[in-house]
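Remarks on the structure that follows.
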Amino acid sequence: MASKRILIVSTSHDRLGDTGSPTGLWLEELAAPYYIWKSKGFSVDIASIKGGKIPLDPASLSEGSTTEYTKKFSNNEHNLKEALQNSISVKDVSETYDAIFLPGGHGVVYDFPGNPDLVAVIEKLVAQDKIVAAVCHGPAGLVGPTAPNGEPIVKGKKVTGFSNTEEEAVGKTKVVPFLLEDKLKELGGLYERAPDWHPFAVADGKLITGQNPQSSEKVAQLVVVGLE
C-alpha cells in the first residue's frame, strides 16, 4: 500500500506585530507531529508561506519549552533541519496529499489568514474529503477557506485553538491582530477547550484541531487514526 502523504505548512513571518520582537514557528508543534508521522512510515513534506528558511520562535527553543521531540531536533537531526531551511513555497504545492497540517507560533496570525495560496490548498483538500489539521495558533489558517457549499470550513464543527486566556497569559492580546478563540466562534465554529496549558485536541469529521503547544502529540495521533 502506498505511504500516506502529509503536507505541513508553516509560517514565514518572523516579527511580532509592530513590536519588532522575533517570532515564527513554535518548534514543538511541528517537530512532534513530524517525528510521530515519520515513525508510522508516512511521507511528510514541509512548506511555508514564502518558501525557504522557516523562522523559529526563539522562545520555543528555550529550556522551558524543551520536549523529547525538540531535543531530537537539536541533537543534529539533519533531515528535519534541512527541510526547515529549504521549505517549499505553498504557492508551488502541486502534489496530492492525504492530509494537511498547520502548526502554530505567533507568526501564523500574520501570514496565514486569507493567504490565497494556502486557502486554495486547503479548499482543494476539503473538497476531496481529506484531513485538515492544525494546532495552537495554526487554526488561524482555517479563517479564510470555505467548504464547497460556500460556508467557512469551521462552521458547525467542533474546533479548538489557542484560547483567549492563554493569549492573555503570554501578554499578547493587544499585539495579535485578532483573538483566535473569538475568530473561530465568529465563523460559526463550536469552540471547545481544556484548562490553560492542558493537552486538548478534537476531531470533527476530517477537521482536527489542538488547543496549545501541549496538544501537538494529540493532534498528530488523531491524524494517524484518521489515516489508518
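Quick note on numbering: my numbering labels position 208 of the sequence shown as 208, and the sequence is numbered without any gaps.
The C-beta atom is built at its ideal place from N, Cα and C for all residues, glycine as well.
With a CB to CB cut of under 6 Å and the five nearest residues on each side skipped, what residues in its chain are close to residue 199? 214, 215 and 218
Quick one: what does DSSP say residue 74 is sitting in, helix, strand or coil?
helix
Using DSSP with H/G/I as helix, E/B as strand and the rest coil, what is residue 110? Residue 110 falls in the helix class under three-state DSSP.
**Q.** Whole-angstrom distance between residue 186 and residue 124, CA atom to CA atom
**A.** Whole-angstrom Cα-Cα distance: 23 Å.
Where the beta strand (DSSP E) through residue 224 begins and ends = That residue, residue 224, is in no beta strand (DSSP E); its alpha helix (DSSP H) goes 216-227.
| said: Judging by CA-CA distance, which residue of 152, 142, 43 and 171 is the nearest neighbour of residue 83? | reply: 43
Next on the checklist: Please state whether the Cβ-Cβ distance between residue 92 and residue 51 is less than 8 Å.
Outcome noted: yes
(Q) So within the segment 8-47, which uninterrupted alpha helix (DSSP H) runs reach at least 4 residues, ignoring any that extend past its ends? (A) 27-39
Q) For residue 45, which residues of its own chain have a beta-carbon under 6 Å away from its beta-carbon, when the five flanking residues on both sides are left out? A) 7
* **One or two residues paired with residue 153 in a DSSP bridge** => Residue 153 pairs with nothing; no bridge assigned.
Worksheet item: If we count Cβ pairs, one from each stretch, closer than 8 Å, do we get three or more for the segment 97-105 versus the segment 169-179?
Response: no
Item checked: Reference residue 53, options 146, 9 and 130, closest by Cα -> 9
**Message:** Taking its Cβ as the centre, do 16 or more other Cβ atoms sit within 10 Å of residue 139, making it buried, or is it exposed?
**Reply:** buried
Output yes or no for whether 8 Å exceeds the beta carbon distance between residue 188 and residue 154.
yes
Cα-Cα separation between residue 74 and residue 40, rounded to whole angstroms:
21 Å
| Identity of the residue in 134, 31, 5 and 184 nearest residue 95 by Cα | The option with the nearest alpha carbon to residue 95 is 5.
> Less than 8 Å separating the beta-carbons of residue 156 and residue 180?
Replying inline: Contact flag unset, no.
| task | Identify whether residue 62 lies in helix, strand or coil by the three-state DSSP scheme. | result | coil
Taking the CB atoms as reference points, tell me whether residue 227 and residue 18 lie closer together than 8 Å.
-> no
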